[in-house]
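S.K.: Quick one: the structure is below, and I'll ask about it shortly.
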Amino acid sequence: MRHTVPAQQRRTHRQRPGQWLLAMTRCRCHRCALLSTRRPRAPAPRRAASRSQHIARSLARTPGYTLVEVLTTVAVLAVLAGLAIPNLAPVIERIAFRRAADELFESITFARNSAMARGETVLVVPDEPARRDYAAGWTVFVDRDGDARATGADTILQRHPALPQRVRVQSAFTQQGPAYVAYNGGGRSCTAASSTAARWGSITLARDGEARRIRIAMLGRARLCDPQRDTSCGKPVND
Numbered sequence: 001m002r003h004t005v006p007a008q009q010r011r012t013h014r015q016r017p018g019q020w021l022l023a024m025t026r027c028r029c030h031r032c033a034l035l036s037t038r039r040p041r042a043p044a045p046r047r048a049a050s051r052s053q054h055i056a057r058s059l060a061r062t063p064g065y066t067l068v069e070v071l072t073t074v075a076v077l078a079v080l081a082g083l084a085i086p087n088l089a090p091v092i093e094r095i096a097f098r099r100a101a102d103e104l105f106e107s108i109t110f111a112r113n114s115a116m117a118r119g120e121t122v123l124v125v126p127d128e129p130a131r132r133d134y135a136a137g138w139t140v141f142v143d144r145d146g147d148a149r150a151t152g153a154d155t156i157l158q159r160h161p162a163l164p165q166r167v168r169v170q171s172a173f174t175q176q177g178p179a180y181v182a183y184n185g186g187g188r189s190c191t192a193a194s195s196t197a198a199r200w201g202s203i204t205l206a207r208d209g210e211a212r213r214i215r216i217a218m219l220g221r222a223r224l225c226d227p228q229r230d231t232s233c234g235k236p237v238n239d
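Residue 11 in UniProt numbering is what sits at position 11 of the sequence shown, and the numbering runs on without skipping anything.
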């Protein structure tokens, strides 16, 4: 069927160009009905972006820092670290000093426990040639020949390295000679030559006005104390 538009509508179109489509929609012919019921074409699907393009877009959206900002931050942190390290040095030295006193006390306690467990005489002897200064380190061993030296016949139980340089150690015992600590099989403090001869005393560690003292009693009990705060730390121990 040929589609015709009435003359009145054509005149209307010539007079008012924008009304032509409106006139067509009012037509009831078969062709106009098909045009009015035709669905709009769906848009073509977008192609999926490749993985590399997706990563590139993600990186482009991710905020970052420039090289100048990174270098500036590193420089500021370096300056702050340089200012903080000197202030931490006294704290580190204080901790190392207290740890040294604790380790010497633990070695003496270990020697006593080992003597009672083995039933033999066990000594704690300074590694310094004169065997008087514990700052050079010390050795815990089973002294089988009674010479207060770790020789071939003896059994070494523990070795400790030298203490920090600023730590000073002084010893005072009831007998002169090497500043060793000896325990017999019963856990009593004794001499290296005789397991029945009593020997007791103290070992004092000091650093920059701070001190720690280890008191060894006649019966063998050891005690770690602060002579500046504990009044009983400087008194003779007879228990």
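Idealized CB from N, CA, C, for every residue including glycine. Remember, predicted model here, so these are calculated numbers, not experimental data.
Contact between the region 179-192 and the region 65-85: three or more CB pairs below 8 Å?
M.R.: no
S.K.: Work out the CA separation of I203 and A130 for me, nearest whole Å.
M.R.: Approximately 16 Å, taken between the alpha carbons.
S.K.: Would you be able to state if there are at least three C-beta pairs under 8 Å between the region 74-85 and the region 124-140?
M.R.: no
S.K.: Exposed or buried, D133, counting other C-beta atoms within 10 Å across all chains shown (16 or more means buried)?
M.R.: buried
S.K.: DSSP on A23, reduced to helix/strand/coil?
M.R.: Note that A23 has pLDDT 46, beneath the 50 cutoff, so the model's placement of it is unreliable and no number is given.
S.K.: Counting pairs of Cβ atoms below 8 Å between the region 150-166 and the region 190-200, do you hit three or more?
M.R.: Judged by Cβ distances under 8 Å, the region 150-166 makes no contact with the region 190-200, as fewer than three pairs qualify.
S.K.: Distance, Cα to Cα, G177 vs G82?
M.R.: 47 Å
S.K.: Return the Cβ separation of E210 and R99 in integer angstroms, given the expectation that the two are a contact with Cβ distance under 8 Å.
M.R.: With 8 Å as the limit, E210 and R99 do not qualify as a contact, their Cβ atoms being about 13 Å apart.
S.K.: Expressed to the nearest angstrom, what Euclidean distance is found between the alpha-carbon atoms of R159 and R229?
M.R.: 31 Å
S.K.: Mapping DSSP to helix, strand and coil, what is V122?
M.R.: strand
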